[in-house]
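In this note's numbering, the protein residues as written are 1369 to 1518.
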């Protein structure tokens, strides 16, 4: 009987400590949420800045007007039209992929980013970006190949 009383006293003290601890956590919840929001906002700003810097480094400098006189019209307008149609078919097929795969392929092809850069931009590893790209590429071949056979 003495043990039961000691155990219930211990349980009561433990319960009181648990309630006090939980109360402290709940009372600090508002502060915690603000810290999470600040940290998340800061992280997003850093990511956006990194992407903007990367894109800015990929852009070429402005060309003088005198240099533009040397730019000629395409030699083969038919070939240009076919290339445009192929790109159109590719982007239409990409819409059938999941969003992350589509983003990886777009960054790789249009943005000319390395797999390491793509992983950094999307918050994953270089290997993840590489695997996602090649699996997406295989799916695109099946999608586009299926359209040609229809």
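Even glycine gets a Cβ: it sits at the ideal position worked out from N, Cα and C. Since we're looking at a predicted model, the values are computed, not measured.
- Counting only runs of 4 or more residues that sit fully inside the stretch 1442-1494, the alpha helix (DSSP H) segments are 1445-1462, 1467-1477 and 1483-1490, in chain order.
- About 18 Å separates the beta carbon of residue 1483 from that of residue 1467, a gap too long to meet the 8 Å contact definition.
- Residues of the same chain with a CB within less than 8 Å of the CB of residue 1512, apart from the 5 flanking positions on each side, are 1457, 1458 and 1461 in chain order.
- The C-beta separation of residue 1465 from residue 1507 comes to about 6 Å, placing the pair in contact by the 8 Å criterion.
- Separation of residue 1447 and residue 1509 (C-alpha to C-alpha, rounded to the nearest whole angstrom) is 21 Å.
- Only buried fits residue 1471, as 16 or more other CB atoms lie within 10 angstroms of its CB.
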